[in-house]
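Participant: Those letters in the sequence shown? Residues 1 to 303, by UniProt numbering.
Think of the CB as a built atom: it goes at the ideal place given N, C-alpha and C, for glycine as much as any other residue.
Before we start, here is the structure in question, set down as structure tokens.
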Amino acid sequence: MRGSDFAELKAFVAVVERQSFARAAEHLGLSPSALSQTIRQLEGRIGARLLNRTTRSVAPSASGERLYQRIAPLFREMAVAVAEAGEATGRMSGTLRINTPGIAARTIIAPRLSSFHQAHPDVLLDIVVDDALADIVTGRFDAGIRVGGRLEKDMVAVRLTPDLNMVAVASPDYLARRGTPSTPDELHDHACVNWRLQMDGRHYRWEFEKRGQRLEVAVDGPVVTNHADIGVAAALNGLGIAYHFERDGVAELLAQGRLVQILADWSISRPGLFLYYPNRQHRPAALGAFIDCLLDRKPFDRA
């Protein structure tokens, strides 16, 4: 295989896996126009359209999907071989793709980015913040972070935090106008900020428990979102009651008096945040070091 053939195939795999010419070009260190030309050369050499492009998305054609399924495992094996060779020298490199909800990005990853980069300057962290519970295998991520109860099957899981407390909160202004519910059933008479589940588009049913009695309440209100920041902002602005993890910035707002907790005696806790990755034979050393860093294990320069 000529060097140009390899470069074309590598470019094709990058576009398919990142579902974007711009992101693939950035990953490869090319301009988008140069990458487009490389793909056109590959399609011309093969004699078939490999990618279907629109102004907003790119996806493999039927021929492109067949080609990708055949060559992608080979590129992954080569990447593993190169990583293992680099690990033997004690210096890690390459790209580590992580899919994470906002709560983990803000409270766990962001405070440790500088420390990890100082220890491993040749590792590129590609952090995708996603509160919609994406499939990390389909998305070609090395690992994901999720609340423990929502882990995918056939995954290795590493606990990052203790269990997380859930709190129902509202602004003092909202409660002064609408009153304070004393039981979960009274939420039906209030405006609430709904959370949309990515899996099927349904709204999350708020969960409560008191003295062994467990309830699930379907709420209604003026805002529906899949992002925690929007829910908290809606509550702060008096639009309704929100239901969130206490750790995700809500505790500070409660301490400041900008939000007020309601139904405290009905509060529940959820399994904590877990990092998880596919159960395969080789775990990249960079991922092991990243896990050590998130857990504040020193030194975090080993697999």
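Under a three-way DSSP split, which group does Leu287 fall into?
Facilitator: Numbered from its first residue, the sequence shown carries residue 287 at position 287. Reduced to three states, the DSSP call for Leu287 is helix.
Participant: Compare the Cα-Cα distances from Phe6 to each of Ala59, Met78 and Ala176 and report the closest residue.
Facilitator: The residue labelled residue 6 in the question sits at position 6 within the sequence shown. Closest by alpha carbon: Met78.
Participant: State the start and end residues of the unbroken beta strand (DSSP E) segment that holds His244.
Facilitator: For the purposes of this step, residue 244 is taken as residue 244 along the sequence shown, with counting starting at 1. That run of the beta strand (DSSP E) goes Ala242 to Phe245.
Participant: Does DSSP put Leu273 in a helix, a strand or coil?
Facilitator: As a first step, residue 273 is located in the sequence shown; it is residue number 273 there, counting from the start. Here Leu273 sits in strand by DSSP.
Participant: Between the stretch 164 to 177 and the stretch 220 to 239, do at least 3 Cβ pairs fall closer than 8 Å?
Facilitator: Because the criterion of three Cβ pairs below 8 Å is met, the stretch 164 to 177 and the stretch 220 to 239 touch.
Participant: If you run the structure through DSSP and keep just helix, strand and coil, what is Val15?
Facilitator: Counting from 1 along the sequence shown, the entry for residue 15 is found at position 15. Helix.
Participant: Going by DSSP in three states, Thr54 sits in which element: helix, strand or coil?
Facilitator: Within the sequence shown, numbered from 1, the residue matching residue 54 stands at position 54. It is coil, neither helix nor strand.
Participant: Quick one: grab the DSSP three-state call for Asp126.
Facilitator: Indexing the sequence shown from 1 puts residue 126 at position 126. Looking at Asp126 - three-state DSSP - the assignment turns out to be strand.
Participant: In the structure shown, what three-state DSSP assignment does Ile98 receive?
Facilitator: On the sequence shown, residue 98 is found 98 positions in, with the first residue counted as 1. Here Ile98 sits in strand by DSSP.
Participant: Can you tell me whether Asn194 is buried or exposed, with buried defined as 16 or more other CB within 10 angstroms of its CB?
Facilitator: As a working mapping, residue 194 is identified with position 194 in the sequence shown. Result: buried.
Participant: Please state whether DSSP places Arg76 in a helix, a strand or coil.
Facilitator: Reading the sequence shown from its first residue, position 76 is the one you call residue 76. The answer is helix: DSSP assigns Arg76 an H, G or I state.
Participant: Short of 8 Å in beta carbon distance, which residues of its chain neighbour Arg302, apart from the five on each side in sequence? Order them along the chain.
Facilitator: Stepping through the sequence shown from its first residue, residue 302 is reached at position 302. Interpretation of Arg302 is limited by its pLDDT of 46, a score under 50 that renders its predicted location unreliable; the figure taken from the coordinates is listed afterwards. Excluding sequence neighbours, Arg302 sits near Ala285, Gly288, Ala289 and Asp292.
Participant: What's the gap between the Cα of Ala108 and the Cα of Arg177?
Facilitator: In the sequence shown, residue 108 corresponds to position 108, counting from 1. In the sequence shown, residue 177 corresponds to position 177, counting from 1. Per the sequence shown, residue 108 should be read as Ile rather than Ala. Computed Cα separation, rounded: 37 Å.
Participant: So Gly272 packs on Leu164, CB below 8 Å; how close in whole Å?
Facilitator: Here residue 272 corresponds to residue number 272 of the sequence shown, with the count starting at 1. Here residue 164 corresponds to residue number 164 of the sequence shown, with the count starting at 1. Gly272 to Leu164, Cβ: 6 Å. Contact.
Participant: Entirely within the stretch 200 to 269 and at least 4 residues each: give me those alpha helix (DSSP H) ranges in chain order.
Facilitator: Within the stretch 200 to 269, the complete alpha helix (DSSP H) runs of at least 4 residues are 228 to 236 and 251 to 255.
Participant: By the DSSP assignment, the beta strand (DSSP E) with Ala170 in it spans what residues?
Facilitator: Reading the sequence shown from its first residue, position 170 is the one you call residue 170. From DSSP, the beta strand (DSSP E) with Ala170 extends over Leu164 to Ala170.
Participant: If contacts are defined as beta-carbon pairs under 8 Å, then Trp206 and Tyr174 qualify, I think. What distance do you get, rounded to the angstrom?
Facilitator: Counted from its first residue, the sequence shown places residue 206 at position 206. Counted from its first residue, the sequence shown places residue 174 at position 174. Incorrect: roughly 16 Å between the Cβ atoms, too far for contact.
Participant: Can you round the beta-carbon distance between Ser63 and Ala48 to whole angstroms, since I take them to be within the 8 Å contact cut?
Facilitator: The residue you call residue 63 lines up with position 63 of the sequence shown. The residue you call residue 48 lines up with position 48 of the sequence shown. With a Cβ gap of about 4 Å, Ser63 and Ala48 count as contacting.
Participant: Just to confirm, are Val16 and Tyr68 a CB contact at a threshold of 8 Å?
Facilitator: Locating residue 16 in the sequence shown gives position 16, where the first residue counts as 1. Locating residue 68 in the sequence shown gives position 68, where the first residue counts as 1. Yes.
Participant: For Val58 and Ser33, what's the separation of their Cα atoms in angstroms?
Facilitator: Here residue 58 corresponds to residue number 58 of the sequence shown, with the count starting at 1. Here residue 33 corresponds to residue number 33 of the sequence shown, with the count starting at 1. Going from the Cα of Val58 to the Cα of Ser33 covers about 15 Å.
Participant: With a 10 Å radius around its C-beta and 16 neighbouring C-beta atoms as the bar for buried, classify Pro181 as buried or exposed.
Facilitator: If you number the sequence shown from 1, residue 181 lands on position 181. Burial call: buried.
Participant: Less than 8 Å between the C-beta atoms of Val129 and Phe75, yes or no?
Facilitator: As a working mapping, residue 129 is identified with position 129 in the sequence shown. As a working mapping, residue 75 is identified with position 75 in the sequence shown. Going by C-beta atoms, Val129 is not nearer than 8 Å to Phe75.
Participant: Roughly how far, in whole angstroms, is the beta-carbon of Asn279 from the beta-carbon of Val156, given that I think they are within contact range, below 8 Å?
Facilitator: What you label residue 279 is simply residue 279 of the sequence shown in a count that begins at 1. What you label residue 156 is simply residue 156 of the sequence shown in a count that begins at 1. Between Val156 and Asn279 the Cβ distance is about 5 Å, and since that is below 8 Å, they are a contact.
Participant: CB-CB under 8 Å to Phe116, same chain, minus the five flanking residues each way: which ones, in chain order?
Facilitator: Counted from its first residue, the sequence shown places residue 116 at position 116. Answer for Phe116: Val123, Leu125, Ala289, Phe290, Cys293 and Phe300, listed in chain order.
Participant: List the DSSP bridge partners of Asn194.
Facilitator: Sequence index remark: in the sequence shown, residue 194 carries index 194 (1-based). Answer by DSSP bridge pairing, in chain order: Val224.
Participant: Going straight from the alpha carbon of Leu275 to that of Asn226, what length do you get?
Facilitator: Position 275 of the sequence shown, counted from the first residue, corresponds to residue 275. Position 226 of the sequence shown, counted from the first residue, corresponds to residue 226. Roughly 20 Å separates the two Cα atoms.
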